[in-house]
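Student:
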Amino acid sequence: MSRSIGLAHIVRHDDGTASGVWGNYTLQSAFQPIFAFSNGKLSITGFEGLIRPFRDAEPQSPVSFFNACPTVDRLHIEALTRTLHLLNAGACLPQEASIFINFDPSVFTDRSIADKALRDMRLVLHEAGIDANRVVCEVTEQKSASQETLYSFVEALRANGFRIAVDDYGAEESDINRIKELRPDIVKFDAHWIMQLMESGAGFALLTAMVASFEQQGIRTVFEGIEERWQLELAEKSGASMVQGFALARPELAPTSFHVFGKERQMPVTAPDAGEAPATVSPSPRPKRAFGRKVVP
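In the working numbering, the protein residues as written are 2 to 298.
Okay, here's the thing in structure tokens:
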């Protein structure tokens, strides 16, 4: 079996997890749970992999790390971060959970580059003991890549057995017709856009209509950036399939404590304060609320 490009920059640890090395940076995986609504409760259904860079043992922002890396290295760095997340997911996440991995379609300028990267990714999946159908590949549908590049890359992902999520829907140049053409399995709504729509009745009605439209097409929806309980309540009321945010659970560096939240350990609990990471959450019963933060008498 040939060796993945990403594996060349991986350091293994005694606890089964891994870190990455790129220049003078050490890279670690953090995972944030994604919760699904079911019968008035929430349970963990997946995790998003997030990169956490360190330099001289001091944490750095992901943006500063990626900005410091030459453009010509971006393809290899993308491979490294995917490899890191998948190895750590195999080591410390529940076996039934989906794994959401971010991709930048603009680096896959032709189909041969995408096919090579995805062959390498399947080697990593084999080593990590993860089935391809557990992996959800997040791509943005804005014009960071040409439409031809984006569609070709999504076709390559689908041909390799991965599920597709469109990330940051509602930001910049989002286009509902492009969503129909991409036919993703999941749409993740941009956090800032969601919050703006939740602040008015008309905005919330539009949000609810879009969720219903996607669900009718067989596309599940995720609301990101849920930071307060009233947002969680409105997310459920809108019909969203899934939610993600600090009101439910913050990202944790691998190895995480989330492995204890397998199905056999799940129990209903009251909606948590920001920073807690419950196995399941029950947002009901709820107080009456107006749109935004005001309580209706």
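Ideal Cβ positions, reconstructed from N, Cα and C, are used throughout, including at glycine.
Less than 8 Å separating the beta-carbons of Leu87 and Leu126?
Tutor: Yes, Cβ-Cβ distance for Leu87 and Leu126 is below 8 Å.
Student: In whole angstroms, what separates the C-alpha of Lys117 from that of Phe163?
Tutor: Roughly 15 Å between the two C-alpha positions.
Student: Can you tell me the Cα-Cα spacing of His10 and Cys70, whole angstroms?
Tutor: The straight-line gap from Cα to Cα measures roughly 15 Å.
Student: Please determine if the segment 252–259 and the segment 224–234 are in contact, where contact requires at least 3 C-beta pairs separated by less than 8 Å.
Tutor: The segment 252–259, when compared against the segment 224–234, does not touch it at the 8 Å Cβ threshold.
Student: Tell me the residue span of the alpha helix (DSSP H) that contains Thr46.
Tutor: That residue, Thr46, is in no alpha helix (DSSP H); its beta strand (DSSP E) goes Lys42 to Arg56.
Student: Leu235: buried (16+ other C-beta within 10 angstroms of its C-beta) or exposed?
Tutor: Per the 10 Å Cβ criterion, buried.
Student: Could you give the C-beta distance for Asp121 and Ala80, rounded to a whole number, given that I count them as a contact under 8 Å?
Tutor: Correct: roughly 6 Å between the Cβ atoms.
Student: What does Val188 pair with, by DSSP beta-bridge criteria?
Tutor: Val188 is bridged to Val167 and Thr222.
Student: Check whether the Cβ atoms of Thr82 and Ile52 lie closer than 8 Å to each other.
Tutor: Yes, the pair counts as a contact, with Cβ atoms nearer than the cut-off.
Student: Report the partner residues of Trp23 according to the DSSP bridge assignment.
Tutor: Tyr26.
Student: Starting from Glu139, trace the beta strand (DSSP E) both ways and give me its first and last residue.
Tutor: Segment Val136 to Thr141, the beta strand (DSSP E) holding Glu139.
Student: Which residue comes first and which comes last in the beta strand (DSSP E) that contains Ser153?
Tutor: Premise fails: Ser153 lies in the alpha helix (DSSP H), Gln148 to Ala160, not in any beta strand (DSSP E).
Student: Thinking Phe66 and Leu94 are a contact (beta carbons under 8 Å), I'd like their distance in whole angstroms, please.
Tutor: About 23 Å; that fails the 8 Å criterion.
Student: Is it a yes or a no for the segment 22–41 touching the segment 55–63, going by three-plus beta-carbon pairs under 8 Å?
Tutor: Touching, yes.
Student: From the DSSP output, read off the bridge partner residues of Val244.
Tutor: Answer is Phe36 and Phe224.
Student: Using the beta-carbon count (16 or more within 10 Å), is Ile301 buried or exposed?
Tutor: Since the first residue shown for the chain is 2 and the last is 298, residue 301 is missing from the structure and cannot be characterised.
Student: Whole angstroms are fine: how far does the CA of Ala248 sit from the CA of Gly50?
Tutor: Each residue's alpha carbon lies about 18 Å from the other.
Student: Figure out for me which residue from Arg230, Asp15 and Gly240 has the closest Cα to the Cα of Ala213.
Tutor: Of the listed residues, the one whose Cα sits closest to Ala213 is Gly240.
Student: What residue range does the alpha helix (DSSP H) around Ile78 cover?
Tutor: Unbroken alpha helix (DSSP H) run through Ile78: Arg75 to Cys93.
Student: Hey, Ile195 and Leu208: beta-carbon distance below 8 Å or not?
Tutor: Yes. Within cutoff.
Student: Whole angstroms are fine: how far does the CA of Ala115 sit from the CA of Arg230?
Tutor: Near 40 Å, if we compare the C-alpha coordinates of Ala115 and Arg230.
Student: In three-state terms, what does DSSP make of Pro300?
Tutor: The question about residue 300 has no answer, for the chain in this structure spans 2 to 298.
Student: Give the straight-line distance between the Cα atoms of Asp186 and Ser20, rounded to the nearest whole angstrom.
Tutor: Answer to the nearest angstrom: the Cα atoms are 30 Å apart.
Student: Along the beta strand (DSSP E) that carries Val108, what are the first and last residues, could you check?
Tutor: Counting along the chain, Val108 falls outside any beta strand (DSSP E), and DSSP gives it neither H nor E.
Student: For Ala160, tell me which candidate among Phe205, Asn68, Arg112 and Pro34 has the shortest Cα-Cα distance.
Tutor: Checked all of Phe205, Asn68, Arg112 and Pro34; the closest Cα to Ala160 is Arg112.
Student: Using three-state DSSP, classify Ile180 as helix, strand or coil.
Tutor: Of the three classes helix, strand and coil, the one that applies to Ile180 here is helix, per DSSP.
Student: What residue range is occupied by the uninterrupted beta strand (DSSP E) comprising Ile11?
Tutor: Start and end: Ile11 to Arg13.
Student: Among Glu97, Gln96, Phe109 and Pro60, whose alpha-carbon lies nearest the alpha-carbon of Ile78?
Tutor: Of Glu97, Gln96, Phe109 and Pro60, the residue nearest in Cα terms is Phe109.
Student: Please return the same chain residues whose Cβ sits closer than 6 Å to the Cβ of Leu151, not counting the five positions on each side in sequence.
Tutor: The answer, listed in chain order, is Pro106.
Student: Does Leu249 come out as helix, strand or coil in the three-state DSSP assignment?
Tutor: If DSSP states are grouped into helix, strand and coil, Leu249 belongs with coil.
Student: Tell me, to the nearest whole angstrom, how far the beta carbon of Thr18 is from that of Ala90; I am working on the premise that it is less than 8 Å.
Tutor: Not really, about 10 Å apart at Cβ, beyond 8 Å.
Student: Taking the beta strand (DSSP E) that Phe101 belongs to, which residues open and close that run?
Tutor: It spans Ser99 to Asn103 - the beta strand (DSSP E) in which Phe101 sits, taken as one unbroken run.
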